[in-house]
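Colleague: Position in the sequence shown (first residue = 1) + 1 = the working numbering.
All residues carry an ideal CB built from backbone N, CA and C; glycine is no exception.
Note that the coordinates shown come from a computational prediction; the quantities given were computed from them, not determined experimentally.
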Amino acid sequence: MTMADKIAVMNLGVLQQYDTPRNIYEHPKNLFVAGFIGSPSMNFIECTLVEEDGRAYLDSGEFRIEVTEFRDLIAKEAPGNELILGVRPEHVIVGPHPSTKYALQGKVYVVEPLGDQMILNFKIGSFLVKAIVPPTFEASVGDKLWLSLEREKLHIIDKKTGKVIM
């Protein structure tokens with residue numbers, strides 16, 4: 002991605018997205034591109050859009066994230082309400098307390114020290130979520146920590162079509 006002004010991402014001979022490396026990374030058009038670009042790859046969590054007491058949530062069965070302000074867009078673009086929440090490991094903020102309204106608690110499953118950074122693998126119910134933290138971050142297998150997500154960095158994908166909604 003560092004050697005071109007524009008790149009083409011193809012899957013089985015079909016063009017998926019043609020754009021600048023930054024736009025492909027920050028605004029993937031579909032599930033394939035979102036998972037193909039980046040290392041480690043984007044975290045994907047299957048969820049459903051549910052409504053309760055006038056509010057809308059992405060519900061994974063293990064956690065809920067309120068998305069009331071985006072309900073109409075999500076319902077229009079994914080009428081079946083079956084969704085995938087995507088977030089890149091470098092956009093997960095890890096700490097002892099939630100730091101955004103989009104937060105979930107996870108248990109450290111694997112610690113991968115890589116020198117200049119560390120990858121923490123969290124178990125959240127049946128899902129594994131990766132987060133990149135500084136090498137000095139203190140975490141051990143079994144620790145329960147909060148994973149906070151920034152709205153601007155979340156990707157909501159229609160599970161049926163693979164299209165990124167937002």
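On the DSSP letters alone, give me the boundaries of the alpha helix (DSSP H) that lysine 77 sits inside.
Modeller: Lysine 77 -> alpha helix (DSSP H) spans 72-78.
Colleague: Considering only the alpha carbon of each residue, which of Ser40, Lys102, Val34 lies closest to arginine 65?
Modeller: Cα-wise, what sits closest to arginine 65 is Lys102.
Colleague: Residue range of the beta strand (DSSP E) that arginine 56 falls in?
Modeller: Arginine 56 -> beta strand (DSSP E) spans 56-60.
Colleague: For the beta strand (DSSP E) containing leucine 16, name the first residue and the last one.
Modeller: Taken as a continuous stretch (DSSP letters only), the beta strand (DSSP E) holding leucine 16 covers 15-20.
Colleague: Give the C-beta separation of phenylalanine 123 and leucine 84 to the nearest angstrom, bearing in mind that I take them to be a contact with Cβ-Cβ under 8 Å.
Modeller: About 20 Å; that fails the 8 Å criterion.
Colleague: From serine 141 to proline 114, what does the alpha carbon distance come to, in whole angstroms?
Modeller: Roughly 11 Å separates the two Cα atoms.
Colleague: If I measure Cβ to Cβ from phenylalanine 45 and keep anything under 6 Å in the same chain, skipping five residues before and after, which residues do I get?
Modeller: Within the same chain, phenylalanine 45 has close Cβ partners Ile85, Gly87.
Colleague: May I ask you to report which of helix, strand or coil DSSP gives alanine 9?
Modeller: Of the three classes helix, strand and coil, the one that applies to alanine 9 here is strand, per DSSP.
Colleague: On the criterion of 16 or more Cβ atoms from any shown chain inside 10 Å, does methionine 4 qualify as buried, or is it exposed?
Modeller: It counts as exposed.
Colleague: Taking DSSP's pairing of strands, which residues face isoleucine 85 in a bridge?
Modeller: Paired residue(s): Glu47, Ile158.
Colleague: What is the residue span of the alpha helix (DSSP H) that alanine 233 lies within?
Modeller: Here the chain covers residues 2 to 167 and nothing more, so residue 233 does not appear.
Colleague: Taking the straight line between their C-alpha atoms, what separation do you get for glutamate 78 and lysine 161?
Modeller: Cα-Cα distance, rounded: 11 Å.
Colleague: Are the beta-carbon atoms of valine 95 and valine 130 separated by less than 7 Å?
Modeller: It is not a contact, given that the beta carbons lie outside the stated cut-off.
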